[in-house]
Structure formats: structure tokens, C-alpha cells
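Student: After the C-alpha cells below, expect a handful of questions from me.
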Amino acid sequence: MRRLRCSAGWESWCLWCGGTFDNVNTLRFLGTGTSSGVPILGCDCETCRSDDPHDTRFRTSAYITTATGTQLLIDAGPDFRLQALKHDIRWLDGILITHTHNDHIGGLDELRQLNFLMKRPLDIYGNELTLAEIQSRFRYIFTLTQEGGGKPQLELHRVEAQRAFAINGQTILPLEVFHGVIPILGFQIGDLSYITDASFLPPNTLEALKHTKILVLNALRFRYHPTHFTLEQSLEIIRQIQPDTAYLVHMTHDIKHAEVEHSLPPNVHLAYDDLAITF
């Protein structure tokens, strides 16, 4: 459904198509793949040659719409333009950045078209390290240029792990996560917690996750990796937390959907591109 923001707030019906908003929080997986995506360029493995659409994975990202109409993006990777076109994303109230590896921020320049549509800057939320890296790598965005330069307008907002903040009244709790030695963020929104690229969760985060009903967690592959959870490590975290349901993301071509999905516990599923869940 297409949505539009008016000066008085969110309408309960769409001005373009006349439809109504669903009175639930929804998360749509825009991408569930690792930094190379799936299929991987030049690879002839069974997963990369699969005709199962579940085995085609854009870089990991998620689009959230709340019951009150607030629209949030988690990460803007290099596939963002295609993801936004596919799902007709025309407005974002906030963009939550987990960290600054390219598969999570490589699409920031594509946000400029949303500036034209929204007629306002876009709000970016991240930790201190993330915001500093964005300003360094995308210096042109924050440098005065001639008119017609064509660059996004971004407003940066620093958030801290374990300190809640709000967007349009929606409370969001950043979670402390480690990607190798790099401190990154997960995000808890209501009954849902979203974590990607983790290799270690500190005790304060594990404690916060005990209150979550739906957990999204990365599961890179079967073999050990120094900066990402393996499938078995993710399953162990899920056993500790015991959410009602868990969805696995950020998967390489080692994970063939049909084979792995059937081997998982009943409350654990492989997420796939375009899957929508409510919470």
C-alpha cells in the first residue's frame, strides 16, 4: 500500500489508492543476504544457481511500518534503490543504522530522491562511531556545493546503546552488539528485536532480549567466522533467549533455503527477501 504524510499527521487512508492502514506493526525484510549478496558474482554453486526465489538475497535491510503509520528503515545498503522501487517506499520517518560497513550504508546517496518527495531532510540514527564514519566517507553530503549538485540532505542523530529514544512517539531501544571488536547497534521496537552482523552479545543485551517475542538475528554460515555468528551460534543464542519466534538473516550462499529451513527448530525460520511479519 502506498502511504502519504500530511501536514496534520498520518491519515487513516491513502490519498493515492484509497486503502486503509493496517492497525499492526509490520517488518518487511528488504534483503537477507551477506555483503556479497546471493547469488555471488562468478559462483556456480547449487545455491547461486538455484531457481528457488528464497535463495536470491539482496544485502540485509528491513522496512518497518508501525500501527500509527511511522515508517522506518534499518540500514541502507547498495541495493536500497531496487528495494525501494520494489516496495514503493516514498517516505521514511527515520533510518536506523547498525554500523557502517558498505553493505549497510552503501545506498545512502540514493536517499536524495526521497528528499525530493518528502521536501525535507532525512533523519539518520546511529552511534557515535557510525555518525563519524558517515561524515568521513560521505563528506560531500555535508559540504556546501553549488545548486543542482544532487546530494542527499541528512540530519544525523547520535543514539547510545541501552538508552531509548523515540521517533513520532515510537520508542526504540538501541542494543549493544559487537561485530568482532567493533561496537555496533541492534534495535528493539516493541516486541521485536533486530540484530545483524553480531559475533558477541554482552550481558546487558541478553537481558534486554529476554523480553522480546520476535528476534531477528544474523546467521552467516556453518563454518566459524571471526566477526559473525555461525548458524549454530545463532541457534544457541535463540535457545538462551527463548523468543516466541526467531528469523535468521545475513546469510551467505552456504545456506540453501529449502535444505536448512527444514532442519531448524519449530520456532526458528530463515528469513527471505520480501517476507513480511507482524509484531
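Residue numbers (the UniProt record's numbering): 1 to 279.
Don't be surprised by glycine CBs; every beta carbon is placed ideally from N, CA and C.
Nearest by alpha-carbon distance to Asp75: which of Thr68, Lys86, Ile89, Arg59 is it?
Tutor: One-based indexing of the sequence shown puts residue 75 at position 75. Closest by alpha carbon: Arg59.
Student: May I ask you to report which of helix, strand or coil DSSP gives Arg28?
Tutor: Within the sequence shown, residue 28 is the residue found at index 28, counting from 1. If DSSP states are grouped into helix, strand and coil, Arg28 belongs with the strands.
Student: Using the rule of at least 16 other Cβ atoms within 10 Å of the residue's Cβ for burial, across every protein chain shown, is Asn127 buried or exposed?
Tutor: As a position in the sequence shown, residue 127 is number 127, starting the count at 1. Asn127 should be labelled buried.
Student: For the region 22-34 against the region 60-79, are there 3 or more C-beta pairs whose distance is under 8 Å?
Tutor: With the cut-off at 8 Å, the region 22-34 and the region 60-79 touch.
Student: Check whether the region 237-249 touches the region 214-223, counting contact only when three or more Cβ pairs, one atom from each stretch, lie closer than 8 Å.
Tutor: Short answer: they touch.
Student: Determine, using beta carbons only, whether Thr26 and Ile184 come nearer to each other than 9 Å.
Tutor: Against the sequence shown, residue 26 aligns to sequence position 26. Against the sequence shown, residue 184 aligns to sequence position 184. No, Cβ-Cβ distance for Thr26 and Ile184 is not below 9 Å.
Student: What are the start and end residues of each continuous alpha helix (DSSP H) run of 4 or more residues lying completely inside the region 195-257, in chain order?
Tutor: Qualifying alpha helix (DSSP H) stretches, in chain order: 203-209, 231-241.
Student: Just tell me which of Ile40, Thr70, Gly69 has its CA closest to the CA of Thr56.
Tutor: Here residue 56 is taken as the residue at index 56 of the sequence shown, counted from 1. Considering only alpha carbons, the answer is Ile40.
Student: The alpha helix (DSSP H) spanning Thr130 covers which residue range?
Tutor: The sequence position of residue 130 within the sequence shown is 130, counting from 1. Looking at the DSSP string, the run of the alpha helix (DSSP H) that includes Thr130 is 128-137.
Student: Can you tell me which of the three DSSP states Phe279 falls into?
Tutor: For the purposes of this step, residue 279 is taken as the residue at position 279 of the sequence shown. Correct three-state label for Phe279: coil.
Student: For Glu259, tell me which candidate among Lys86, Thr98, Glu46, Phe138 has the shortest Cα-Cα distance.
Tutor: Here residue 259 refers to the residue found at position 259 of the sequence shown. When only C-alpha atoms are compared, the closest one is Glu46.
Student: In the DSSP assignment, find the alpha helix (DSSP H) that holds Gln83 and state where it starts and stops.
Tutor: As a working mapping, residue 83 is identified with position 83 in the sequence shown. Note, Gln83: alpha helix (DSSP H), 80-87.
Student: I'd like to know whether the C-beta of Lys256 is nearer than 9 Å to at least one C-beta of chain C.
Tutor: Included in the structure is just one protein chain, with no chain C present.
Student: Excluding the five sequence neighbours on either side, which residues of its own chain have a C-beta within less than 8 Å of the C-beta of Tyr272, listed in chain order?
Tutor: Along the sequence shown, read from residue 1 onward, the residue named residue 272 stands at position 272. If we look at Tyr272 and ignore the five residues flanking it on each side, its Cβ neighbours are Phe29, Thr32, Pro53, His54, Arg57, His257.
Student: Flag this pair as yes or no: are the beta carbons of Arg90 and Met118 separated by less than 9 Å?
Tutor: As a working note, residue 90 is residue 90 in the sequence shown. As a working note, residue 118 is residue 118 in the sequence shown. Yes; because the gap between Cβ atoms is below 9 Å, this pair is in contact.
Student: Take Ser7 and list the residues in its own chain whose beta-carbon comes closer than 6 Å to its own, dropping the five residues that flank it on each side.
Tutor: Taking the first residue of the sequence shown as 1, we reach residue 7 at position 7. With a pLDDT of only 31 at Ser7, under 50, the local geometry of the prediction cannot be trusted, and the value read off the model is given with reservation. Result list for Ser7: empty, nothing under 6 Å.
Student: Along the chain, where does the alpha helix (DSSP H) that runs through His104 open and close?
Tutor: By 1-based counting over the sequence shown, the position of residue 104 is 104. It spans 102-105 - the alpha helix (DSSP H) in which His104 sits, taken as one unbroken run.
Student: Can you name the start and end residues of the beta strand (DSSP E) that Gln113 belongs to?
Tutor: On the sequence shown, residue 113 is found 113 positions in, with the first residue counted as 1. From DSSP, Gln113 is part of no beta strand (DSSP E) but of the alpha helix (DSSP H) over 112-118.
Student: For Leu206 versus Leu154, is the C-beta spacing smaller than 9 Å?
Tutor: Counting from one through the sequence shown, the residue named residue 206 turns up at place 206. Counting from one through the sequence shown, the residue named residue 154 turns up at place 154. Not closer than 9 Å, so no.
Student: State buried or exposed for Gln242, treating a residue as buried only when at least 16 other CB atoms are found within 10 Å of its CB.
Tutor: The sequence position of residue 242 within the sequence shown is 242, counting from 1. That one is exposed.
Student: For Gly37, tell me which candidate among Leu264, Asp254, Ser263 has the shortest Cα-Cα distance.
Tutor: Taking the first residue of the sequence shown as 1, we reach residue 37 at position 37. Comparing Cα-Cα distances from Gly37 to each of Leu264, Asp254, Ser263, the minimum goes to Asp254.
Student: Looking at the strands, I want to know which residues DSSP matches up with Leu92.
Tutor: Taking the first residue of the sequence shown as position 1, residue 92 is located at position 92. Bridge partners of Leu92: none, in fact.
Student: Which residues does DSSP list as the beta-bridge partners of Pro174?
Tutor: Sequence index remark: in the sequence shown, residue 174 carries index 174 (1-based). In DSSP, Pro174 forms a bridge with Phe187.
Student: Quick one: what does DSSP say Ile141 is sitting in, helix, strand or coil?
Tutor: As a position in the sequence shown, residue 141 is number 141, starting the count at 1. In the structure shown, Ile141 sits in a helix (DSSP, three-state: H, G or I).
Student: Taking the Cβ atom as the reference point for each residue, do Asp44 and Thr70 lie within a distance shorter than 9 Å?
Tutor: Position 44 of the sequence shown, counting from 1, holds the residue named residue 44. Position 70 of the sequence shown, counting from 1, holds the residue named residue 70. No, Cβ-Cβ distance for Asp44 and Thr70 is not below 9 Å.
Student: Looking at C-alpha atoms only, which residue of Ile124, Ala166, Phe229 is the closest neighbour of Ile195?
Tutor: Looking up residue 195 in the sequence shown gives position 195. For Ile195, the nearest C-alpha among the options comes from Phe229.
Student: Mind checking which residues open and close the beta strand (DSSP E) that includes Leu154?
Tutor: Here residue 154 is taken as the residue at index 154 of the sequence shown, counted from 1. That run of the beta strand (DSSP E) goes 154-158.
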